[in-house]
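Protein chains: 2
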Amino acid sequence: MRIAILGGTGDIGQGLVLRWGFDTSHELLVGSRDPEKARTKAEEYETELDSRGVETSIKGFENAMAADRADVVVLAVPAYHVVGTIEAIEDRLDSETILVTPAVGMKRDEDGFHYNRPGAGSVAALADEAKPDDVPLVGAFHNLPAGGLADLDEELEWDTLVFGDDEDAKSIVVDLTAGIEGIRPLDVGGLANAPEVEAVTPLLINVAMQNKGLHDLGVKFQ
Amino acid sequence: MRIAILGGTGDIGQGLVLRWGFDTSHELLVGSRDPEKARTKAEEYETELDSRGVETSIKGFENAMAADRADVVVLAVPAYHVVGTIEAIEDRLDSETILVTPAVGMKRDEDGFHYNRPGAGSVAALADEAKPDDVPLVGAFHNLPAGGLADLDEELEWDTLVFGDDEDAKSIVVDLTAGIEGIRPLDVGGLANAPEVEAVTPLLINVAMQNKGLHDLGVKFQ
Chain A
1 MRIAILGGTG
11 DIGQGLVLRW
21 GFDTSHELLV
31 GSRDPEKART
41 KAEEYETELD
51 SRGVETSIKG
61 FENAMAADRA
71 DVVVLAVPAY
81 HVVGTIEAIE
91 DRLDSETILV
101 TPAVGMKRDE
111 DGFHYNRPGA
121 GSVAALADEA
131 KPDDVPLVGA
141 FHNLPAGGLA
151 DLDEELEWDT
161 LVFGDDEDAK
171 SIVVDLTAGI
181 EGIRPLDVGG
191 LANAPEVEAV
201 TPLLINVAMQ
211 NKGLHDLGVK
221 FQ
Chain B
1 MRIAILGGTG
11 DIGQGLVLRW
21 GFDTSHELLV
31 GSRDPEKART
41 KAEEYETELD
51 SRGVETSIKG
61 FENAMAADRA
71 DVVVLAVPAY
81 HVVGTIEAIE
91 DRLDSETILV
101 TPAVGMKRDE
111 DGFHYNRPGA
121 GSVAALADEA
131 KPDDVPLVGA
141 FHNLPAGGLA
151 DLDEELEWDT
161 LVFGDDEDAK
171 SIVVDLTAGI
181 EGIRPLDVGG
191 LANAPEVEAV
201 TPLLINVAMQ
211 NKGLHDLGVK
221 FQ
């Protein structure tokens, strides 16, 4: 499958590219608003994987070009860029392209991080309003720590919650997720269940901030 | 230490009484609006623990009587009874009594369970407004599944998140929690961080509903 990771030059995007590159044979496209940056990062990922004996061909493109070529488009951008990114790529999407949102809106005050719930109900609901009607949307990868995900020396043991109203699209994203060693995808129903999933991310940061020895926290349901 | 578990006749209250009874030597008081029910349940818990070779003396009382005798009062009642329960016991509380809230407000629709965030910001904030000013309030035990907690045959491996603005009171609740085998208390800061903690409970129910083989789910941060 061809997966475009928009915002694939940093944070959670980088981890997804490296893990899919390491554990699967999916074709990976790194997207960025800056195509030069996308190409540079794609080369870096190839080099990193090559150093571990994994031969890949990762290409970098401007976001819309990456989306155009992909079966699955992951919006690994900050919450406040989600709508703008969708607007920039919507001509390249159709009912055969699955949009995936891992974005979480947060705000910080003196007590820690808080879920900044958008008026639409969730960041996923914002994305749902912004995208063309016939393009399926799935939520996933919200609660994975970027650092641990991108560190291929780290053995993972985390769950990720997957939601969406299109069962076929959700099932494809569940399969893509299960391809990453140590990440267990768990179905959490439809788009209406997004807020509780997105709200876990600030909680993880608060727990890591308050407890010595805990960092790069993910979550396991058991 | 003397711990009163109000609403100790059912749900999460039952599990806390049995686990503290099994794993610690704290003095346990079961509270209920109906003192007869409290006494009957207290006897049941004693019998259950006795059958496992643990001798305890668990007493049942009407809520206010239980609170009067306790150093720590756990409000193991549904969210919509939290304020009423505090009003019924407030004469018996003072600055030496720690109030603990595990309550979560939820609503259900066709998609699943959702966090029903009170106007005050959280159920804990509601409790904070209702209690006497000098009584410290701590949040804990929100995300523990009642069934697994109450089943002494089950080995636990769960975290519980503890929050509150009074550091001394929080530290006492952390210690009480650590006394239960297999429950790791994690500090998650002050009362302002309550909503994200309370919102995890409907998420756990949704995950259990959507994934075969998963039930009685708790959470582990790792």
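Residue numbers (the UniProt record's numbering), protein chains in the order written: chain A, 1 to 222; chain B, 1 to 222. Yeah, the Cβ is synthetic: ideal placement off N, Cα and C, and Gly gets one too. The structure presented is a predicted model; accordingly, all values stated were derived computationally and were not measured.
Whole angstroms is fine: what's the gap from residue i's alpha carbon to residue j's?
i, j, result
"L137(A)", "A76(A)", "14 angstroms"
"K212(A)", "N206(A)", "12 angstroms"
"P145(B)", "D11(B)", "9 angstroms"
"N193(A)", "H114(B)", "7 angstroms"
"S57(B)", "S25(B)", "10 angstroms"
"A120(A)", "P195(A)", "10 angstroms"
"L29(B)", "G8(B)", "8 angstroms"
"A135(A)", "P118(A)", "Residue identity check: residue 135(A) is Val in the sequence provided, not Ala. The alpha-carbon atoms of V135(A) and P118(A) are separated by roughly 21 angstroms."
"G189(B)", "L161(B)", "9 angstroms"
"A64(B)", "R92(B)", "7 angstroms"
"A150(A)", "L156(B)", "31 angstroms"
"S51(A)", "V197(A)", "35 angstroms"
"E167(A)", "F61(B)", "51 angstroms"
"R2(A)", "G15(A)", "17 angstroms"
"residue 230(A)", "G112(B)", "Not covered by the structure: residue 230(A). The range shown for chain A is 1 to 222."
"residue 227(B)", "R33(B)", "Here chain B has residues from 1 to 222 only, and residue 227(B) is not among them."
"L152(A)", "T97(A)", "28 angstroms"
"I183(B)", "W158(B)", "5 angstroms"
"E27(B)", "V72(A)", "57 angstroms"
"K220(A)", "N143(A)", "10 angstroms"
"K59(B)", "R39(B)", "6 angstroms"
When burial is assigned at 16 or more other CB atoms within 10 Å of the CB, is residue i buried or exposed?
i, result
"H215(A)", "exposed"
"D187(B)", "buried"
"K41(A)", "buried"
"G148(B)", "buried"
"P202(B)", "buried"
"P132(A)", "exposed"
"K170(A)", "buried"
"G139(B)", "buried"
"A178(B)", "exposed"
"G53(B)", "exposed"
"residue 246(B)", "Any question about residue 246(B) goes unanswered here, given that chain B covers just 1 to 222."
"G218(B)", "buried"
Name the chain B residues whose beta carbon is nearer than 9 angstroms to that of residue i?
i, result
"L186(A)", "V207, Q210, N211 and L214"
Just the chain A side, please: which residues come within less than 8 angstroms of residue i by C-beta, in chain order?
i, result
"V197(B)", "L203"
"F141(B)", "Within chain A, no residue comes near F141(B); the closest Cβ sits about 16 angstroms away, beyond 8 angstroms."
Using a C-beta to C-beta distance shorter than 9 angstroms, which residues of chain A count as neighbours of residue i?
i, result
"residue 240(B)", "Given a span of 1 to 222 for chain B in the structure shown, any question on residue 240(B) remains unanswerable."
Any heavy atom of the ligand ADP closer than 8 angstroms to the beta-carbon of residue i?
i, result
"L217(B)", "Questions concerning the ligand ADP fall outside what the structure shown contains, since it holds no ligand whatsoever."
Anything in chain B within Cβ reach of residue i, meaning under 7 angstroms, just list it in chain order.
i, result
"N193(A)", "D111, G112 and N206"
"V104(A)", "Within 7 angstroms Cβ-Cβ: nothing; V104(A) doesn't reach chain B, min ~11 angstroms."
"G189(A)", "D111, G112, N206 and Q210"
Against residue i, what residues of chain B qualify as contacts under a CB-to-CB distance less than 8 angstroms, listed in chain order?
i, result
"L217(A)", "F221 and Q222"
"Y115(A)", "P195, E196 and A199"
"L161(A)", "L203 and V207"
Could you tell me whether the stretch 5-21 of chain A touches the stretch 39-56 of chain A, where touching means 3 or more Cβ pairs closer than 8 angstroms? yes
For the stretch 123-142 of chain B against the stretch 100-110 of chain B, are there 3 or more C-beta pairs whose distance is under 8 angstroms? yes
Taking only runs of the alpha helix (DSSP H) that begin and end inside the stretch 159-188 of chain A, which ones reach a length of at least 4 residues, in chain order? 167-178
4-residue-minimum alpha helix (DSSP H) runs that sit fully inside the stretch 4-76 of chain B, ordered along the chain: For the stretch 4-76 of chain B, whole alpha helix (DSSP H) runs of length 4 or above, ordered along the chain, are 11-23, 35-50 and 63-69.
Note down, one range per segment and in chain order, each beta strand (DSSP E) of at least 3 residues found wholly within the stretch 95-123 of chain B. 98-101, 106-109 and 112-115
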